[in-house]
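These notes concern the structure reproduced below.
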Amino acid sequence: MVQSNQKPHLVLLSAPAHLQPVIELGKRIVTCQDVKATIIVASFVQSAPAESRMVQAALATKLFDVIHLPPADISNLVEPGDKGITSLSAAMHVVKPDFQAAILGLETLPTALVVHVFAIECLGIADELKIPKYVFVSTNAWFLATIVYTPVLDKEVEGEYADKKEPFALPGKEIPKADGILVNSWEELQPKTLASLRDGNLLAGVVKAPIFPVGPINSEGSSALKNELFDWLDKQPTDSVLYISFGSMGGLSLEQMLELAWGLEMSQQRFIWVVHPPIEKSGSGSGPKFGNIGDDVSSYLPEGFISRTRDRGVIVPQWAPQVEILSHPSCGGFFTHCGWNSAIECITNGLPMIAWPLYAEQRMNATLLTEEMGIAVRSETLPSKGIVGREETEKMVRKIFVDEGGRQMRARVKELKLSAEKAWSNGGSSYDALTKMVKHSQKKAIAIDV
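Structure (structure tokens):
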């Protein structure tokens, strides 16, 4: 039974491959509110080592307890190579008993449960514990509006949603029966969409739960990081370097990599490019990597490219400290796959973007960033559907660094950066939303007990 004077104890459940936003939310909860938090981590077998490193880093903050559940073995439940929603659902089904046991084994039982949207299968455990339940949507309000509308699309659209050519309205639908929804956006970033989620004539009539915009939720990185890459960055002019990365799962064909390289060289702009082995020799589709991690990256680039661009460009194999690069004064733009975490990191550093969506909700994010927010440029050819030529790449790069349109984008994204900072100041919109969510959970917990 929850006591009225009991200190709130929120348990946060991550989904496999979606741990970092949950950790950052936990930090916000503990540092901004008088709340105890416990993070419970679900992972795939193959992602467990990386998530274990994140767990150790989170424990080092001493802000909350972290419990890493046994990794979910779903090899007999999904097709090999499946990394989509099916795999996430299967993994949460596997870890559900361990999650329930972990909660019951806590020294202090939770007063509320917050689950990542891709871990929603475990939401019902809160009913068994008689505590309030919340969903954390770690992407934006457009995505939230889309997932609450999905059952309507299931009834209206025959075949794949992608086959529906004409635009459609988003009147809403019934989201799983959460007591509240936290979303990684903020009032000043998406005012129209958030208003529709609260409008009884639109989405609120079917969502039936309060919306708490608590963004931006993102990592701040380390300001003390130093190596040859940052020595090079320190020597570059302010806002002059383009950072290029398509995320840990994003890949390009060899044909597209060559065109991208030529476009960069033709643009004559400074860059840092995180290069992964190509996923196939030609075309733009996805498939197993035919290159190997240990290969010489020059074999994937035009002959002589590295030597010709040595004075203004840096090639980094596999991985780079993205947060720290984007926050460096010399970084002036981001060539991105439009994952929402990456977009948030860019906005909070005041950087315009070249949108290059590849999979999942990234195409929707690219539309949001270019058409509604006006802080990104994108190619006429969709990267997931065809080859973007070198001339178009050159044009996009020069637009954000040289053209007047780029200066306008830069001014707009710097306004959004200031709004993000204000949102998390004491009394800001996101700070207040989190305060309201904690108070809501306390009142809800007492009401459930009555």
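Residue 466 in our numbering sits at position 358 of the sequence shown, and the numbers go up by one each step. Beta carbons are placed, not taken as given, at the ideal position from N, Cα and C, and that holds for glycine. Computed from a prediction, not measured in an experiment: that's the story for all the values here.
Beta-bridge partners of residue i, as assigned by DSSP
i      : result
His117 : Lys144
Pro425 : Val383
Ala180 : Phe152
Lys241 : Leu221
Met504 : Met504 pairs with nothing; no bridge assigned.
Phe320 : Leu290
Arg378 : Val349
Ile175 : Ile148
Residue burial classification, residue i (beta-carbon count within 10 angstroms, cutoff 16)
i      : result
Ile289 : buried
Trp381 : buried
Gly412 : exposed
Val510 : exposed
Asn309 : exposed
Asn335 : exposed
Thr247 : buried
Gln168 : Gln is not the amino acid found at residue 168; the sequence shown has Ala there. Label assigned to Ala168: exposed.
Glu367 : buried
Glu488 : exposed
Ala165 : exposed
Trp427 : exposed
Ser438 : buried
Gln550 : buried
Gln377 : buried
Gln516 : exposed
Pro218 : buried
Arg416 : exposed
Ser330 : exposed
Where the alpha helix (DSSP H) through residue i begins and ends
i      : result
Tyr351 : No alpha helix (DSSP H) holds Tyr351; the beta strand (DSSP E) holding it covers 349 to 353.
Leu302 : 299 to 306
Leu434 : 430 to 434
Ile556 : 537 to 557
Leu196 : 193 to 212
Trp532 : Taken as a continuous stretch (DSSP letters only), Trp532 belongs to no alpha helix (DSSP H), as it is neither H nor E.
Cys230 : No alpha helix (DSSP H) holds Cys230; DSSP gives it neither H nor E.
Ala474 : 470 to 475
Glu336 : 336 to 342
Glu453 : 448 to 455
Ser415 : 413 to 416
Ser313 : The sequence given here places Gly at residue 313; Ser does not occur at that position. Its alpha helix (DSSP H) spans residues 312 to 315.
Contacts around residue i, its chain only, beta-carbon distance under 6 Å, and the 5 residues preceding and following it disregarded
i      : result
Pro465 : Cys446, Arg471, Ala474
Glu282 : Since pLDDT at Glu282 reaches only 48, below the 50 mark, its modelled position is unreliable, and the value read off the structure follows with that caveat. Closer than 6 Å at the Cβ level, and outside the excluded window around Glu282, lie Val314.
Asp342 : none
Arg520 : Gly482, Ile483
Val138 : Ala145, Leu171, Phe172
Pro324 : Ile452, Thr456, Ala528
Leu120 : Val130, Gly134, Ile147, Val222
His176 : Val149, Val163
Ile245 : Checking the sequence, you will find Val at residue 245 rather than Ile. Counting only Cβ-Cβ distances below 6 Å, and skipping sequence neighbours, we find Val225, Leu252, Val291.
His436 : Leu341
Gly395 : Confidence at Gly395 is low in this model, with a pLDDT of 37, below 50, so its placement is unreliable and no value can be given for it.
Leu476 : Trp250
Trp294 : Pro321, Gly323, Ala531, Ser537, Ser538
Ser304 : Leu310, Leu311
Close Cβ partners of residue i (< 7 Å) along its chain, the five nearest in sequence each way excluded
i      : result
Thr543 : Gln141
Val546 : Pro116, Gln141, Val143
Ala555 : none
Thr194 : Val186
Ile414 : Ser406, Ile423
Leu434 : Tyr351, Phe442, Glu453, Cys454, Asn457, Leu459
Ala286 : Leu231, Lys241, Tyr242, Val243, Ala317
Lys530 : Gly536
Ser155 : Pro124, Ala125
Residue i: CB within 8 Å of a non-hydrogen atom of the ligand FMN
i      : result
Val315 : Absence of the ligand FMN from the depicted structure is noted, as is the absence of any ligand whatsoever, leaving it without description.
Range of the contiguous beta strand (DSSP E) that encloses residue i
i      : result
Ala125 : That residue, Ala125, is in no beta strand (DSSP E); it is neither H nor E in DSSP.
Gly441 : 439 to 444
Ile483 : That residue, Ile483, is in no beta strand (DSSP E); it is neither H nor E in DSSP.
Ile463 : The amino acid occupying residue 463 in the given sequence is Ala; Ile does not appear at that position. From DSSP, the beta strand (DSSP E) with Ala463 extends over 461 to 463.
Other residues of its chain near residue i: CB distance less than 8 Å, five sequence neighbours each side excluded
i      : result
Ser533 : Tyr539
Phe207 : Leu121, Ile148, Ala150, Leu177, Cys230, Ile233
Leu409 : Met365, Leu366, Ala369, Val383, Ile423
Thr478 : Ala463, Ala484, Val485, Arg486
Per the contact definition of three or more C-beta pairs closer than 8 Å, is the segment 347 to 355 in contact with the segment 441 to 448? These segments touch.
With three or more beta-carbon pairs closer than 8 Å as the criterion, would you say the segment 310 to 317 touches the segment 337 to 349? no
So, does the segment 495 to 506 touch the segment 360 to 373, judging by three or more C-beta pairs under 8 Å? Yes: the two stretches touch, three or more of their Cβ pairs being nearer than 8 Å.
Does the segment 212 to 226 touch the segment 234 to 242, meaning 3 or more C-beta pairs lie closer than 8 Å? yes
Per the contact definition of three or more C-beta pairs closer than 8 Å, is the segment 203 to 217 in contact with the segment 229 to 236? Output reads yes: the segment 203 to 217 touches the segment 229 to 236.
On the three-pair Cβ rule with 8 Å, is the segment 247 to 259 touching the segment 146 to 153? no
Pairs of beta-carbons, one from the segment 456 to 465 and one from the segment 521 to 536, closer than 8 Å: are there three or more? yes
Using 8 Å as the Cβ pair cut-off and three pairs as the minimum, do the segment 173 to 186 and the segment 197 to 205 touch? Contact holds between the segment 173 to 186 and the segment 197 to 205, because three or more Cβ pairs, one in each stretch, are under 8 Å apart.
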